[in-house]
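Number of protein chains: 2
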Amino acid sequence: MEKREIIIDLLGSDRGAEEMLEGARMALEAFPGVSVVLSGPRALIEAAALPEGRYRILEADKTVTNLDNPIEAFYSKEPVSVFKALEEASRCDDVIGVISAGNTGALFAGAIRYLLADKTVRPCIAAILPNTQGGFTCLVDTGASIDCGPAQLVDFAHRGSDFMRQLYKLDAPRVGLLSNGAEPTKGNKLVKETHALLSKEEGIHFVGNIEGNKTLSGLCDVLVCEGFAGNQVLKNSEGMAVNLITEIIKYGKTHQVPAAQEIAGYLMSRFDFASLGAGIMLGTSKVVMKCRGSSQRTAIKNAARMLINLNENKTIYV
Amino acid sequence: MEKREIIIDLLGSDRGAEEMLEGARMALEAFPGVSVVLSGPRALIEAAALPEGRYRILEADKTVTNLDNPIEAFYSKEPVSVFKALEEASRCDDVIGVISAGNTGALFAGAIRYLLADKTVRPCIAAILPNTQGGFTCLVDTGASIDCGPAQLVDFAHRGSDFMRQLYKLDAPRVGLLSNGAEPTKGNKLVKETHALLSKEEGIHFVGNIEGNKTLSGLCDVLVCEGFAGNQVLKNSEGMAVNLITEIIKYGKTHQVPAAQEIAGYLMSRFDFASLGAGIMLGTSKVVMKCRGSSQRTAIKNAARMLINLNENKTIYV
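Laid out in structure tokens, this is it:
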């Protein structure tokens, strides 16, 4: 059997390297055919006593925080865990992908440097979100590219379409454009210009503008927006899900409704963005998964599962 | 007792003038001290047989649809219901405010023409949303001003602060700036420039960037963003609330959990944006409420209640 390795960037997570290490441990337990490559401080990794022969170490002590400039960090002389991880992914055939919960800008810059699939394509970060039709919607971009132009959004539409075609075997994924109204006249300058381009773009099944209250209604398979708005959709959906679930639990306690716990549990399994919604970079030669900074160990294990699935489906990104 | 009139624009709603008329009827029943001025087709209004002496008519047969250009409609020779409504509000002292569920651009243009409180101030549309601390957050702008500059966002911060000071008697309302990360380095070009301005703006209690998953966490009293992003926050929050509530009802039916209905009902009362979240124009000399195009009669009645409350609190906007 061929060797399959997943690289995990241990640094940059809000919960610290220990949580990432526990995520790695859970992934090793859950997926026997896979081993991990851990990018981070050697002493810490060795102290974790992971199963022998199932891991190797990339030594790196430095990370890029949200207050650092990712580009400056890139030219740092010290070993930065995320760049070591991406470099190793580019060199080593056994590696099937990289997982990081660190700074998005650094991960993005590193992926462009080491794993760019096609020099003419700027990668983007997609999220696969559960929609109310029981399917999934690919939201792209979710925050990697802020301040985009219309041509970039057309690129995102292609990346997302390719991805959904491959992953869900859709012939012509329906592409929607996030706007402040369903009519073609609605939108900011960027959205109006993008609308005009997408309407005549070949290879894109454009279904028009999608309003904010319909993002997860299953009206489209790919929802295109620039990273700032996409980040709002992603985090707002997650935040609202958390708010409502919290309210249900509170209500159950104060009003003695034991079923509230059961309902909250069901909704958490259905709308738990924190563990579901790791971002997937599109446009790279290997799978790069961006987990939220606040990811718990389970989210890291789930990202590993998704990475393995994508690899087994031979899902490529350009 | 002084006469208090609320003008209701009957045209432009997705549900038709009949639904608006029924909203007017509910408002008349609920608020005995108030009468209504109905802007719309005379025959339709007379056929509704509202209580004698509690209404008068502004004849108007034309509306502005989402496909029309609001500025062109403004120079139309025919009587447009929303403009008739706003003109009457500006002329008549008994009128305490205007309610419309029609095109936002037309309402906005008309309000600038007829009800501008201060010529140096561009109005904006705020929404007062329930937050998880049990309080309310003023989101501004929610879609009236797309493609803003940083100075405009600073204006919104002032309008929102003034409003929350007056309505909730807050000394120094906390102002947050919607961004894709909490750190001051996060944001698109507009947000970064606005962050710098708000940090040194007098009369603003700026608490920094707010991420999309914290919009309704009660971390700020006023959440500032340009209209495109604000529209996403508003509609996305609403959409997610609807999605989760729908899931709860479905789950209750398929799994025979009768308490699901009770919990769904509770959440609907707590997070029903459609009836709660009528937009309030800030920067006008009279209260202008923008209801969603899909508003039901109850939402119109609730908007009337809010309008009466704002008027009684002597809440002004600049």
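Top line first, the protein sequences correspond to chains A and B.
Here the first sequence is numbered in my numbering, starting from 51 and rising by one per residue.
Here the second sequence is numbered in my numbering, starting from 51 and rising by one per residue.
Even glycine gets a Cβ: it sits at the ideal position worked out from N, Cα and C.
Which listed residue (the options) has its alpha carbon closest to that of residue i
{"i": "V292/B", "options": "F321/B, N281/B, N352/B, K264/B", "result": "F321/B"}
{"i": "G66/A", "options": "S345/A, T265/A, R355/A, L228/A", "result": "S345/A"}
{"i": "T154/B", "options": "P101/B, M76/B, S63/B", "result": "S63/B"}
{"i": "C174/B", "options": "K134/B, F186/B, D191/B", "result": "D191/B"}
{"i": "S140/B", "options": "T348/B, K336/B, A98/B, K169/B", "result": "K336/B"}
{"i": "M331/B", "options": "E52/B, D118/B, F124/B, L357/B", "result": "L357/B"}
{"i": "T348/B", "options": "S319/B, L273/B, P120/B, L228/B", "result": "S319/B"}
{"i": "R224/A", "options": "L317/A, N259/A, G237/A, E233/A", "result": "N259/A"}
{"i": "E252/A", "options": "S131/A, C142/A, H208/A", "result": "H208/A"}
{"i": "G315/B", "options": "D118/B, I295/B, N119/B", "result": "I295/B"}
{"i": "K112/A", "options": "L61/A, P82/A, E96/A, M339/A", "result": "L61/A"}
{"i": "G193/B", "options": "G73/B, K53/B, Q282/B", "result": "Q282/B"}
{"i": "G83/A", "options": "G90/A, E102/A, G73/A, E52/A", "result": "E52/A"}
{"i": "I196/B", "options": "S229/B, E276/B, L117/B", "result": "E276/B"}
{"i": "M290/A", "options": "T304/B, A353/B, C198/B, E261/B", "result": "E261/B"}
{"i": "G329/B", "options": "L71/B, S126/B, A176/B", "result": "A176/B"}
{"i": "R92/A", "options": "R106/A, S85/A, A80/A, E102/A", "result": "R106/A"}
{"i": "G19/A", "options": "Y218/B, K236/B, D205/B, A279/B", "result": "No statement about residue 19/A is possible, as the shown extent of chain A runs from 51 to 368 and does not include it."}
{"i": "Y218/B", "options": "N359/B, D205/B, V204/B", "result": "N359/B"}
{"i": "C142/A", "options": "N119/A, F81/A, E79/A, V86/A", "result": "V86/A"}
{"i": "G90/A", "options": "E102/A, R342/A, E138/A", "result": "E138/A"}
{"i": "L100/B", "options": "T304/B, G343/B, L78/B", "result": "L78/B"}
{"i": "L317/A", "options": "E96/A, E297/A, H305/A, G103/A", "result": "E297/A"}
Bridge partners - residue i, DSSP secondary structure assignment
{"i": "Y105/B", "result": "V86/B"}
{"i": "K340/B", "result": "S150/B, G329/B"}
{"i": "G258/A", "result": "G226/A"}
{"i": "R54/A", "result": "V84/A"}
{"i": "C174/A", "result": "L332/A"}
{"i": "F186/A", "result": "P180/A"}
{"i": "G71/A", "result": "According to the sequence as given, residue 71/A is Leu; it is not Gly. In the DSSP output, where bridge partners are listed per residue, L71/A has none listed."}
{"i": "V132/B", "result": "DSSP output for V132/B lists no bridge partner at all."}
{"i": "D59/A", "result": "S89/A, S150/A"}
{"i": "V274/A", "result": "V190/A, L227/A"}
{"i": "V145/A", "result": "E55/A"}
{"i": "K169/A", "result": "Beta-bridge pairing links K169/A to no other residue."}
{"i": "K112/A", "result": "V130/A"}
Nonlocal neighbours in the same chain, by C-beta distance under 7 Å from residue i, ignoring five residues either side
{"i": "P200/B", "result": "L240, E243, T244, L247"}
{"i": "A222/A", "result": "H255"}
{"i": "E68/B", "result": "none"}
{"i": "F206/A", "result": "C174, V190, D191, V274"}
{"i": "M214/B", "result": "C188, L220, P223, D271, V272"}
Cβ distance (whole Å) where residue i is taken to contact residue j below 8 Å
{"i": "E114/B", "j": "G152/B", "result": "In the sequence on display, residue 114/B carries Val and not Glu. Rounded, the Cβ-Cβ distance is 6 Å, consistent with contact."}
{"i": "I254/A", "j": "I149/A", "result": "In fact, because the Cβ distance is near 30 Å, the residues do not count as touching under 8 Å."}
{"i": "Q183/A", "j": "N363/A", "result": "No, Q183/A and N363/A are not in contact; Cβ-Cβ is about 21 Å, not under 8 Å."}
{"i": "I121/A", "j": "A159/A", "result": "6 Å"}
{"i": "A135/B", "j": "L166/B", "result": "In fact, because the Cβ distance is near 16 Å, the residues do not count as touching under 8 Å."}
{"i": "E233/A", "j": "N116/B", "result": "5 Å"}
{"i": "V272/A", "j": "S211/A", "result": "6 Å"}
{"i": "A354/A", "j": "F81/A", "result": "6 Å"}
{"i": "L203/B", "j": "V274/B", "result": "5 Å"}
Own chain partners of residue i with C-beta closer than 8 Å, once the 5 adjacent residues on each side are dropped
{"i": "N181/B", "result": "T187, L266, S267, G268"}
{"i": "F124/B", "result": "V130, F133, A156, A159, G160, R163"}
{"i": "I299/B", "result": "A310, Q311, A314"}
{"i": "L94/B", "result": "L60, A67, E68, L71"}
{"i": "G231/A", "result": "G237, N259, E261"}
Same chain, Cβ closer than 6 Å to residue i, five either side skipped, listed in chain order
{"i": "I178/B", "result": "F186, C188"}
{"i": "V368/A", "result": "For V368/A, the predicted model reports a pLDDT of 38, less than 50, meaning its position is unreliable and no value from the coordinates is stated."}
{"i": "M76/A", "result": "R347, K351"}
{"i": "V257/A", "result": "R224, G226, C270"}
{"i": "N361/B", "result": "I146"}
{"i": "C198/A", "result": "E276"}
{"i": "L71/A", "result": "A98"}
{"i": "E128/A", "result": "K112"}
beta-carbon residue i near the ligand SAM non-hydrogen atom, thresh 7 Å
{"i": "L227/B", "result": "Among the components modelled here there is no ligand, and therefore nothing to report on the ligand SAM."}
Should the stretch 278-290 of chain B be called in touch with the stretch 262-282 of chain A, which here means at least 3 C-beta pairs below 8 Å? yes
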